[in-house]
Amino acid sequence: MMRRALLAVVFCPTLAISAQAEALSAHNNYLLRCSGCHGRTGAGSQEGGIPEFRNSVSHIAATDLGRTYLMHVPGVVSTGLDDAEISKVMNYVLDTWGDGTHHFSSDEVHRRRALPVADVVELRKQLAAELSEKGIALAAYPWP
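To convert a position in the sequence shown, counted from 1, into the numbering used here, add 390.
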């Protein structure tokens, strides 16, 4: 009994620290790889044609087409992160600027990144039309 208590005292703080480090890692990866365009607050840049996350990302992640789109936006494609790291960053974005649902697993990230997408702008147009039919307007996206 004493041994179990000792193990709990030793390992529980380690698990808590590990979870905190993982969250910090996703936050840091967002700051390093995403905030240059989307900003520290997820507001994007109207002038730069970068859509904001607020009021959009959860709606996008709630659809099959949207989940594929998110894995093919230029920042994700060129990020240099592996599938597990991308899933953590995407989940950080969903938790921070979305409704905290529709999380990605690393397996799903891998599968969706492998899907061929010839034109991500056209895919976004299809997604916007799909969501518009449901009464959901996405953040402005000025690309042709």
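Don't be surprised by glycine CBs; every beta carbon is placed ideally from N, CA and C.
Which residues in the same chain have their Cβ closer than 8 Å to the Cβ of residue 427, if we skip the five residues on either side of it in sequence? 434, 435, 438, 440 and 465
Could you compute how far the alpha carbon of residue 509 sits from the alpha carbon of residue 415? 31 Å
Looking at the unbroken alpha helix (DSSP H) that takes in residue 427, where does it start and where does it end? 425-428
Where residue 505 and residue 417 are concerned, what is the direct C-alpha to C-alpha distance, given to the nearest angstrom? 27 Å
Just grab the DSSP bridge partners of residue 440 for me. Note: residue 440 sits in a beta bridge opposite 435.
Identify whether residue 403 lies in helix, strand or coil by the three-state DSSP scheme. Only weak support exists for where residue 403 lies, its pLDDT of 48 falling under 50; the coordinates are left without a value.
By how many angstroms is the C-alpha of residue 453 removed from the C-alpha of residue 459? Distance between the alpha carbons of residue 459 and residue 453 is about 10 Å.
Under the three-state DSSP convention, the category residue 461 falls into: coil
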